[in-house]
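As numbered in my numbering, the sequence shown has no gaps in its residue numbers, which increase by one up to the final residue, 1355.
One structure is given below, encoded as structure tokens.
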Amino acid sequence: SFIELCDNSDDLLDYVIEFNCYQISLNNLFVITKQLCKGITTLSLENLNYTRIKKTNNNNFIKHIDNNISLAITEFQDINKDESSDNIIYILNHPNISNDIKLNYLNGQQNHIDNFNKINDTTLYDIAIETLIIAPTWQNVSFYYQYKGLCDLLIKYIYHYTNILSNDQCSD
């Protein structure tokens, strides 16, 4: 396995990608993603995330990352915090990613998940509320309230989204 890749040789990089001959590191993931997404000028070490890995559409690369997601996610810096909603769900539900890493990584993501329906385990509801990844609706507030009651996490969530919730109609 290559410890540190560079983008000097397309043929060598294609081989390394095809046979997964690289260590998972931020630099290597960036070099590979850049190789597979030629022409994307906005890609950087700082904004590399799982969504950008998936956009390579390279099944072998994606499968290798999926098989090593607990390591790969610790390498992403994702300063843009712009994981897609589907990938937020994937990360939240993944059993091989520790809850501490989920909390750290998902905190402050720009995109939301619509509701609690796709969350596989009720113990992950707290992470979804604490990281603010659940869409701010009274329906979601009510759902979580029925699950946990008026706890500190829910109070902080409501306080954070006060302006948005004040414009949301509460359905019966």
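Ideal Cβ placement from N, Cα and C applies to all residues, glycine included.
These numbers were taken from a predicted model, which means no experiment stands behind them.
Considering only the beta carbon of each residue, do residue i and residue j sit closer than 8 Å?
| i | j | result |
| --- | --- | --- |
| Ile1215 | Phe1244 | yes |
| Ala1255 | Leu1196 | no |
| Thr1234 | Asp1265 | yes |
| Ser1267 | Asn1298 | no |
| Leu1307 | Leu1275 | yes |
| Lys1237 | Ile1272 | no |
| Asn1263 | Asn1230 | yes |
| Tyr1340 | Leu1315 | yes |
| Ile1280 | Ile1252 | yes |
| Thr1305 | Tyr1330 | yes |
Excluding the 5 residues preceding and the 5 following residue i in the sequence, name in chain order all residues of the same chain whose CB lies nearer than 7 Å to its CB.
| i | result |
| --- | --- |
| Asp1309 | Leu1336 |
| Asn1242 | none |
| Glu1313 | Leu1286 and Leu1336 |
| Ile1284 | Ile1256 and Thr1257 |
| Ile1248 | Ile1236 and Ala1255 |
So the alpha helix (DSSP H) residue i belongs to, where does it begin and stop?
| i | result |
| --- | --- |
| His1247 | Asn1242 to Asn1250 |
| Thr1216 | Leu1209 to Leu1219 |
| Ser1268 | Ser1268 to Asn1276 |
| Ile1236 | Tyr1233 to Lys1237 |
| Glu1229 | It is not in any alpha helix (DSSP H) - Glu1229 carries neither H nor E in the DSSP assignment. |
| Thr1345 | Thr1345 to Ser1349 |
| Ile1284 | Asn1282 to Leu1289 |
State the beta-bridge partners of residue i as determined by DSSP.
| i | result |
| --- | --- |
| Ile1296 | Ile1317 |
Cutting at 6 Å between CB atoms, please list the residues of its own chain near residue i, excluding the five before and the five after it.
| i | result |
| --- | --- |
| Asp1261 | Asn1232 |
| Leu1333 | none |
| Thr1320 | Asp1351 |
| Asn1160 | In the structure displayed, the chain extends from 1184 to 1355; residue 1160 sits before or after that span and is not available. |
| Leu1219 | Thr1239 and Asn1241 |
Who are the Cβ neighbours of residue i in its own chain at under 8 Å, not counting the five residues just before and after it?
| i | result |
| --- | --- |
| Leu1228 | Leu1209, Asn1210, Phe1213 and Gln1260 |
| Asn1323 | Asn1298, Phe1299 and Ile1317 |
| Phe1326 | Asn1298 and Phe1299 |
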